[in-house]
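Following: one structure in structure tokens, then a few remarks.
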């Protein structure tokens, strides 16, 4: 869908993007992660052709990015808003026409969307009469109305209550199933794990990590396990195949986190444990995206 | 291009549909109508004041009686009664005025004008002038001066200004030309400010609403800026057009219903007859439009550099200064010296030309000067729009950063 190649963007006195390359495969929900000021917004603005890179290029479905692609991208920026004094319906029609839809087609589609989100009676309401969450819903409709192939969402859930966030999340999944590629930038790691199949992590103007979430998490495995057991406390004879990270006792259950010794397996751990205690649970701890994020951006 | 049209349409409709716009469109003709009505009332009232009044002259000296000359609104009558009785007569003839000249008026300085109703100032001044003339005449005769000779040497001069042109001498009413020029300059000055500020407010609104980034993901910042400027320009033209049409209608109505043959309005209209209105109105539109493009682009750049209207102060100063300066110079010095060197320079520099040239136009400056000024105007607005657009495209995406002048220069040199 999107091939980003060696993008460099220099602002006076600071380099926002330094030789950033990444691939966003078609049909995915792709997470673009990074701390504040890492360069995410700069990259998104370049993809939207709001600004141009100093060097490097972007391919959109194999073609060099150009003005004709604008109508095939839908963008909901983090800093978003609507005209306060304008009626909602009219406003979305305007934004859709700027993306190339006809007046009649835009009107028809908005009516469908409003019905779907059960906000039919909003058409003539002014933005200033709506709550923040309601405005966000309208904004979402405006972003996807022209049925773009690529939808770029910057912090799409901010401003939504959990109920509405769920509604929008389901709409995003549905759009993705219908074939849209979604580039999704957020700080909420739980929604990244839930929605995204691949991610890229940008830190201090560089891409430091990208790929499928599963692969990334697996590559950060470090032989750490969680064990729950009941019975007397485990006694260590010095020959155990692991080192203890920490241990807790609560409600008749012992919880132990451990790191395997070099060459040892989980079976070795069980063999050591079973004669002494009754094991309720053994699980490998695979670092979450959140943990990887924290570790990588320290 | 299609997108620019969409933007123009939105900018135009969102402003024209506002109540405030309709109010201003109709307020001006209503004020004009009120002005006509007031003029009519004053005129009607003054015709009452102009009724003929009888002045009874009670002259104890004998020097003035019989010598007072009747005027269109004053009729003199000599009376030979004691003062007390003459005063009593005033009670019965309430419109009469009694002029009492006591015997020793010169030492007492006590000539009196007595009436039930207050005599108006024109009557009392006319009487005073006549009394002075007669007294002077009497004094001259008493000193043996030949009054007939004095009359002979008196002259009566009045100037009639004519302009020498190829098509013969033309009456030129300097006052009317001055009025038209200054009025044009004031209207341009005010409109540039009012509508320029509207553009700036529009830009700030889009920035504070955070809609700007949504819009520029669909259109180029330059298209948005241009659409906004043209949209607001059309709003102002709509307003001017509505004012002109409504004013003509109102004037027609006023002429029909407040028909006043000697109304002072006729005098104003008559003196405006020598002014080439078609030419001046077309030039007005040209200078307003190019001046508006020039200044509103700068206003847009200022709007893009700030986060709220209260921060605009520091950038507004250099924009408003040349306008304010030209305006003040124009209505004072230039209007009286439309052919001076200063007038020439101010009327060809694009930043000052819209105001300065309006003052000069009624005085018919050389066509080459007007042409030069217009050419520079076009170059000037293309240049400022270009500069402003380069600042604008960066400024609109900068949040929470307090811009300085050096910042603006940096923005200007940013690549796309």
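Protein chains in written order, with this note's numbering: chain A, 3 to 300; chain B, 474 to 889. Ideal Cβ positions, reconstructed from N, Cα and C, are used throughout, including at glycine.
By how many angstroms is the C-alpha of residue j removed from the C-alpha of residue i?
i                      : j                      : result
residue 213 of chain A : residue 200 of chain A : 5 Å
residue 190 of chain A : residue 163 of chain A : 14 Å
residue 554 of chain B : residue 622 of chain B : 37 Å
residue 817 of chain B : residue 805 of chain B : 15 Å
residue 783 of chain B : residue 879 of chain B : 20 Å
residue 247 of chain A : residue 257 of chain A : 11 Å
residue 542 of chain B : residue 564 of chain B : 25 Å
residue 280 of chain A : residue 227 of chain A : 16 Å
residue 300 of chain A : residue 679 of chain B : 37 Å
residue 551 of chain B : residue 618 of chain B : 28 Å
residue 184 of chain A : residue 278 of chain A : 51 Å
residue 566 of chain B : residue 723 of chain B : 44 Å
residue 282 of chain A : residue 235 of chain A : 14 Å
residue 812 of chain B : residue 819 of chain B : 11 Å
residue 155 of chain A : residue 858 of chain B : 33 Å
residue 596 of chain B : residue 625 of chain B : 28 Å
residue 85 of chain A  : residue 491 of chain B : 14 Å
residue 215 of chain A : residue 186 of chain A : 14 Å
residue 627 of chain B : residue 721 of chain B : 47 Å
residue 427 of chain B : residue 718 of chain B : Limits of chain B in this structure are 474 at one end and 889 at the other, which puts residue 427 of chain B out of reach.
On the DSSP letters alone, give me the boundaries of the beta strand (DSSP E) that residue i sits inside.
i                      : result
residue 205 of chain A : 200-205
residue 856 of chain B : Not the beta strand (DSSP E): residue 856 of chain B falls in the alpha helix (DSSP H), residues 840-868.
residue 78 of chain A  : 75-78
residue 183 of chain A : 183-187
residue 270 of chain A : Where residue 270 of chain A is concerned, there is no enclosing beta strand (DSSP E), although the alpha helix (DSSP H) it sits in stretches over 268-275.
residue 528 of chain B : 526-532
So, helix, strand or coil for residue i, using DSSP?
i                      : result
residue 630 of chain B : coil
residue 258 of chain A : strand
residue 123 of chain A : helix
residue 591 of chain B : coil
residue 908 of chain B : Here chain B has residues from 474 to 889 only, and residue 908 of chain B is not among them.
residue 148 of chain A : coil
residue 18 of chain A  : strand
residue 252 of chain A : strand
residue 583 of chain B : coil
residue 227 of chain A : strand
residue 781 of chain B : coil
residue 209 of chain A : strand
residue 678 of chain B : helix
residue 874 of chain B : coil
residue 813 of chain B : coil
residue 296 of chain A : helix
residue 25 of chain A  : strand
residue 551 of chain B : strand
residue 616 of chain B : coil
residue 558 of chain B : helix
residue 535 of chain B : coil
residue 822 of chain B : coil
residue 703 of chain B : helix
Can you pull the DSSP bridge partners for residue i?
i                      : result
residue 232 of chain A : A:280
residue 156 of chain A : A:187
residue 33 of chain A  : A:186 and A:201
residue 285 of chain A : A:228
residue 89 of chain A  : A:128
residue 57 of chain A  : A:10
residue 517 of chain B : Looking at the DSSP assignment, residue 517 of chain B forms no beta bridge with any residue, so it has no partner.
Check for me: the alpha helix (DSSP H) holding residue i runs from which residue to which?
i                      : result
residue 13 of chain A  : Unbroken run through residue 13 of chain A is the beta strand (DSSP E), 4-13; no alpha helix (DSSP H).
residue 481 of chain B : 475-489
residue 749 of chain B : Residue 749 of chain B -> no alpha helix (DSSP H), and no H or E assigned at all.
residue 165 of chain A : 164-179
residue 799 of chain B : 786-802
Can you find at least 3 beta carbon pairs, one from the region 821-831 of chain B and one from the region 654-671 of chain B, that sit closer than 8 Å? As far as the Cβ criterion goes, the region 821-831 of chain B touches the region 654-671 of chain B, which means the pair count is three or higher.
Evaluate the contact criterion for the region 170-181 of chain A versus the region 695-714 of chain B: three or more CB pairs, one atom per stretch, below 8 Å. No contact exists between the region 170-181 of chain A and the region 695-714 of chain B.
Using 8 Å as the cut-off, can you tell me whether the region 165-173 of chain A makes contact with the region 5-25 of chain A, which would need three or more C-beta pairs spanning the two stretches below that distance? no
Cβ pair count under 8 Å reaching 3, the region 11-18 of chain A against the region 833-851 of chain B: No contact exists between the region 11-18 of chain A and the region 833-851 of chain B.
Quick check: the region 476-488 of chain B against the region 259-274 of chain A, are there 3 or more CB pairs under 8 Å? The region 476-488 of chain B, when compared against the region 259-274 of chain A, does not touch it at the 8 Å Cβ threshold.
Contact the region 831-844 of chain B vs the region 666-674 of chain B: 3+ CB pairs below 8 Å: no
Kindly confirm or deny that the region 103-111 of chain A and the region 695-708 of chain B touch, where touching means at least three C-beta pairs closer than 8 Å. no
Would you check if there are 3 or more beta carbon pairs closer than 8 Å linking the region 584-591 of chain B to the region 559-574 of chain B? The region 584-591 of chain B, when compared against the region 559-574 of chain B, does touch it at the 8 Å Cβ threshold.
So does the region 80-87 of chain A actually touch the region 669-689 of chain B, counting three or more Cβ pairs closer than 8 Å? yes
Should the region 125-137 of chain A be regarded as contacting the region 88-102 of chain A, the criterion being three or more beta carbon pairs within less than 8 Å? yes
Three-pair Cβ contact test at 8 Å for the region 747-758 of chain B versus the region 524-532 of chain B: Touching, no, given that fewer than three Cβ pairs across the two stretches are closer than 8 Å.
Pairing CB atoms from the region 32-41 of chain A with CB atoms from the region 60-79 of chain A, are three or more of them under 8 Å? no
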